[in-house]
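Student: Shown below is the structure under consideration.
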Amino acid sequence: MKEKPPSMLLQANFDVDQVGYNMEWHFSRKDHNGNPIEGKYAGGIYFTTGETMFVHVSAGGKKQDGRNPFESFKILDCCLISQPQLTQYGGGRPTLFAPPSPFVTNQGDFPRNATIAFEVDKFKTWIGGEKVPDYYQQTQAWQDHLTVGQIEGRWELSFVVTVEITGADGAITHRVFGFDPEGGVGTGMNPP
Numbered sequence: 450m451k452e453k454p455p456s457m458l459l460q461a462n463f464d465v466d467q468v469g470y471n472m473e474w475h476f477s478r479k480d481h482n483g484n485p486i487e488g489k490y491a492g493g494i495y496f497t498t499g500e501t502m503f504v505h506v507s508a509g510g511k512k513q514d515g516r517n518p519f520e521s522f523k524i525l526d527c528c529l530i531s532q533p534q535l536t537q538y539g540g541g542r543p544t545l546f547a548p549p550s551p552f553v554t555n556q557g558d559f560p561r562n563a564t565i566a567f568e569v570d571k572f573k574t575w576i577g578g579e580k581v582p583d584y585y586q587q588t589q590a591w592q593d594h595l596t597v598g599q600i601e602g603r604w605e606l607s608f609v610v611t612v613e614i615t616g617a618d619g620a621i622t623h624r625v626f627g628f629d630p631e632g633g634v635g636t637g638m639n640p641p
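Numbering (our numbering), first residue to last: 450 to 641.
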């Protein structure tokens with residue numbers, strides 16, 4: 450029996466009161482090899498061919514006088530942008546780059562374009578999951594997935610989300626958050 454490819458969960462978090470743009474992010478899977486901290490893939494994301502990737506976006510904030518810091522947040526747009534990196538260079542060989550994206554279309558036959566826009570109507574809210582006392586959190590879970598293709602390569606990835614935050618006082622704020630890790634499938638280079 451063929452082993453089922455693993456699945457990866459992207460967890461992207463922001464604080465409604467943070468001043469900066471950068472989100473906290475983490476890619477996790479059961480074999481713990483999605484976010485290596487050692488070796489040549491350290492600091493990046495290591496995908497496996499055939500793997501499915503799910504996305505959760507969380508907003509949080511410190512409670513003040515026992516009150517939640519915000520009422521809700523809504524994702525207005527959400528994109529994953531990949532920039533292909535070199536896969537072959539030098540030694541009398543032609544210069545080659547990875548395909549536009551490590552992910553493939555739903556039919557699984559062609560790489561997706563470099564920009565993937567997540568369908569925002571597929572994000573569903575749940576409340577809870579607080580990890581720290583007096584820190585309120587809501588999560589939007591994307592009810593779909595991306596699939597890693599039968600390709601090897603390296604990509605700079607950018608994840609960008611625009612959100613509408615409804616404060617505890619009813620005031621509405623629009624913010625943009627994101628992060629920029631490096632991702633790879635296989636060795637990422639030819640020859641490895």
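All C-beta atoms in this analysis are idealised placements derived from N, C-alpha and C, irrespective of residue type, glycine included.
Just curious, the beta strand (DSSP E) that phenylalanine 476 is in, first and last residue?
Tutor: 473-477
Student: Glycine 509 bridges to which residues according to DSSP?
Tutor: Beta bridge pairing from DSSP links glycine 509 with Asp464, Gln586.
Student: Classify valine 506 as buried or exposed, calling it buried when 16 or more other Cβ atoms lie within 10 Å of its own Cβ.
Tutor: buried
Student: Is valine 612 helix, strand or coil by DSSP?
Tutor: strand
Student: By DSSP's criteria, alanine 566 is part of a beta bridge. Which residues make up the other side?
Tutor: Cys528
Student: Could you give the distance in angstroms between the alpha-carbon of leucine 459 and the alpha-carbon of phenylalanine 519?
Tutor: 23 Å
Student: Excluding the 5 residues flanking proline 640 on each side, which residues of the same chain have their C-beta closer than 6 Å to its C-beta?
Tutor: Residue placement at proline 640 is poorly supported in this model, since its pLDDT is 45, which falls under 50; the coordinates still yield a value, given next. Cβ within range, chain order: n/a, list empty.
Student: From the DSSP output, in three-state form, read off lysine 523 for me.
Tutor: strand
Student: Identify whether lysine 489 lies in helix, strand or coil by the three-state DSSP scheme.
Tutor: coil
Student: Do you know how far the Cα of threonine 501 is from the Cα of serine 521?
Tutor: 28 Å
Student: Whose C-beta lies closer than 6 Å to the C-beta of tryptophan 575 among residues of the same chain, with five residues either side of it excluded?
Tutor: Thr588
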